[in-house]
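Written below as structure tokens is the structure these notes are about.
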Amino acid sequence: MSLIININSLSYLYDYLDLGVHDFIVGTNQFSCRQALTVDYIELKEIKEKYPMIRLFVLVNALVEQKYLDDLKNHLDKLNECQIDGIIFQDFGVLQICNEKGYSFEKIYDPETLNTNHLTLSVLKEQGIDGAFLAREIPLKEKQMIGQNCKLKTMVQVHGVEYMAYSKRKLLSNYKEYTHLDFNVDKESQIEIKANGVEDHCHIYEDQYGTHITSTNQMCALDVLNQFNDFDYLYIDGQYINETDLLEITHLYIQAIEAIKNQTYNKESIELMQLLYRLTPNVHYYHSFLFDSTVYKISDVRKREENERS
Numbered sequence: 001m002s003l004i005i006n007i008n009s010l011s012y013l014y015d016y017l018d019l020g021v022h023d024f025i026v027g028t029n030q031f032s033c034r035q036a037l038t039v040d041y042i043e044l045k046e047i048k049e050k051y052p053m054i055r056l057f058v059l060v061n062a063l064v065e066q067k068y069l070d071d072l073k074n075h076l077d078k079l080n081e082c083q084i085d086g087i088i089f090q091d092f093g094v095l096q097i098c099n100e101k102g103y104s105f106e107k108i109y110d111p112e113t114l115n116t117n118h119l120t121l122s123v124l125k126e127q128g129i130d131g132a133f134l135a136r137e138i139p140l141k142e143k144q145m146i147g148q149n150c151k152l153k154t155m156v157q158v159h160g161v162e163y164m165a166y167s168k169r170k171l172l173s174n175y176k177e178y179t180h181l182d183f184n185v186d187k188e189s190q191i192e193i194k195a196n197g198v199e200d201h202c203h204i205y206e207d208q209y210g211t212h213i214t215s216t217n218q219m220c221a222l223d224v225l226n227q228f229n230d231f232d233y234l235y236i237d238g239q240y241i242n243e244t245d246l247l248e249i250t251h252l253y254i255q256a257i258e259a260i261k262n263q264t265y266n267k268e269s270i271e272l273m274q275l276l277y278r279l280t281p282n283v284h285y286y287h288s289f290l291f292d293s294t295v296y297k298i299s300d301v302r303k304r305e306e307n308e309r310s
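Residue numbers (UniProt numbering): 1 to 310.
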């Protein structure tokens with residue numbers, strides 16, 4: 001298992017390399033969603049030339065309308081010229097173009113919620129997919145079964161805010177128009193929303209591809225990382241994290257991986273979690289769906305709803 005970072009700055013690449021981290025994810029101005037950092041083609045080439053040991057993955061995870069297919073083809077051509085190491089995508093139009101062009105970079109399929117069993121992924125491998133980002137909504141045991149039986153490389157999230165919802169509609173702009181309120185809708189504005197009847201807030205922002213909603217609470221697997229040996233990529237999302245904090249958090253995970261190798265993890269994980277809490281005292285961490293069931297009895301759901309109403 002190795003860490004892969006949705007990086008939010010280029011300032012500390014040497015430091016990441018010193019830690020032993022070589023895999024990074026970035027976005028571009030075209031066909032990228034939910035990236036922590038946006039770069040252009042020139043910067044992609046410069047990164048690969050300056051840091052030849054880096055493995056660079058680019059998000060091409062927007063849903064693509066037919067009228068933009070020529071733009072997509074040109075974009076993938078340019079990414080290939082930049083000698084990137086892989087893409088993360090969800091639209092099968094991206095895969096078809098890559099297969100037709102014969103690109104050699106890794107193609108990691110990330111439809112957010114759909115990668116839930118190894119049999120489907122085995123079929124997708126035959127279509128040219130090299131790796132899969134497993135759905136966050138399934139528990140760790142099911143993820144482990146996929147990792148143990150899948151013929152593809154597998155990626156799972158271990159830290160950071162989580163994808164919750166996406167719409168191609170401009171929901172915030174529509175809300176502004178309806179309410180006559182004036183506010184910025186981009187990610188930098190740090191807008192939060194809260195549903196009625198729940199305590200937790202969510203990040204929401206709008207870009208050229210629609211409206212994106214992510215958690216404000218951050219997933220953390222630092223204290224259970226010894227259960228992630230079945231996966232190839234352990235994904236850390238750098239969105240909404242300070243760039244220096246992201247480096248320090250990555251260092252904690254590197255120490256955890258070393259402790260697992262040295263069979264000292266059970267003791268050291270407690271100390272690492274204490275360091276994480278001191279580093280980010282205002283962040284609420286949770287295990288996400290790692291230990292939740294995905295199938296519930298109707299009677300249990302009704303009982304829970306009754307308790308919530310009372």
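Heads up, the beta-carbon is just placed ideally off N, CA and C, and yes, glycines get one too.
Given a cut-off of 8 angstroms, decide if residue j and residue i are closer than it, judged by their beta-carbon atoms.
i, j, result
"Met219", "Gln274", "no"
"Lys168", "Tyr209", "yes"
"Phe89", "Val60", "yes"
"residue 321", "Lys143", "Within the shown structure, residues of the chain are numbered from 1 to 310, placing residue 321 beyond reach of any answer."
"Gln127", "Leu95", "yes"
"Ile84", "Val58", "yes"
"Leu69", "Val26", "no"
"Asn174", "Tyr286", "no"
"Thr28", "Asp40", "yes"
"Leu44", "Cys82", "yes"
"Tyr253", "His159", "yes"
"Asp130", "Lys107", "yes"
"Leu172", "Ala221", "no"
Based on the DSSP secondary-structure assignment, which residues constitute the bridge partners of residue i?
i, result
"Gln157", "Tyr235"
"Asn6", "Ile25 and Asp237"
"Gln215", "Looking at the sequence itself, residue 215 is Ser, so the reference to Gln does not match. The partner list for Ser215 (beta bridge, DSSP) reads Cys202."
"Glu65", "According to DSSP, which records beta bridges pairwise, Glu65 is partnered with nothing at all."
"Ala195", "BP columns for Ala195 are empty, so no partner."
"Phe133", "Met155"
"Glu106", "Gly86"
"Ala165", "Ile213"
"Cys220", "His159"
"Tyr286", "Met219"
Can you tell me whether residue i is helix, strand or coil according to DSSP?
i, result
"Thr38", "strand"
"Ala259", "helix"
"residue 313", "Look at the range of the chain in this structure, 1 to 310, and you will see that residue 313 is not part of it."
"Val58", "strand"
"Met53", "coil"
"Gly147", "helix"
"Tyr16", "helix"
"Cys33", "coil"
"Asp207", "strand"
"Val185", "coil"
"Leu276", "helix"
"Ile47", "helix"
"Leu93", "For clarity, residue 93 is Gly in the given sequence; the question names Leu instead. Three-state DSSP puts Gly93 in a helix."
"His118", "helix"
"Glu268", "helix"
"Asn74", "helix"
"Gln127", "coil"
"Glu112", "coil"
Would you mind working out which of the options sits nearest residue i, comparing C-alpha positions?
i, options, result
"Asn117", "Leu140, Asn217 and Glu46", "Leu140"
"Phe105", "Gln227, Glu65 and Leu76", "Leu76"
"Glu188", "Leu290, Leu37 and Leu44", "Leu37"
"Asn229", "Asn217, His201 and Ala259", "Ala259"
"Lys73", "Gly102, Tyr286, Glu177 and His212", "Gly102"
"Ile193", "Glu46, Asn99, Tyr14 and His212", "His212"
"Tyr109", "Leu63, Gln83 and Leu172", "Leu63"
"Val21", "Ile249, His284, Gln263 and Ile298", "Ile249"
"Leu121", "Glu199, Ile97, Met164 and Leu152", "Leu152"
"Tyr265", "Val224, Tyr51 and Glu49", "Val224"
"Thr113", "Val161, Ala165 and Asn80", "Ala165"
"Asp23", "Glu49, Ile54, Tyr12 and Ile47", "Ile54"
"Tyr16", "Tyr51, Asn149 and Phe183", "Tyr51"
"residue 313", "Asn149, Ile129 and Pro111", "Because the chain here runs from 1 to 310, residue 313 falls outside it and cannot be looked at."
"Val283", "Glu100, Met1, Val161 and Glu49", "Val161"
"Ser288", "Ser11, His203, Ser215 and Gln227", "Ser215"
"Ser11", "Ile47, Glu177 and Glu305", "Ile47"
"Asn262", "Leu290, Asn226, Phe291 and Phe231", "Asn226"
"Met145", "Tyr163, Asn115 and Lys170", "Asn115"
"residue 319", "Tyr14, Glu305 and Phe183", "For the chain, the structure presents residues 1 to 310; residue 319 sits outside this window and is missing."
"Gln148", "Met1, Tyr14, His203 and Arg302", "Met1"
"Asp207", "Val185, Tyr178, Thr154 and Arg302", "Val185"
Decide yes or no for the touch test of the segment 1-8 against the segment 230-237: beta carbon pairs closer than 8 angstroms, at least 3 of them.
With a cut-off of 8 angstroms on Cβ pairs, the segment 1-8 is in contact with the segment 230-237, counting three or more such pairs.
Determine, using beta-carbon pairs with one atom in the segment 261-270 and one in the segment 26-34, whether at least three such pairs fall under 8 angstroms.
At 8 angstroms Cβ cutoff, the stretches do not touch.
Give a yes or no on contact between the segment 242-250 and the segment 278-288, applying the rule of three or more CB pairs nearer than 8 angstroms.
The segment 242-250 vs the segment 278-288: in contact.
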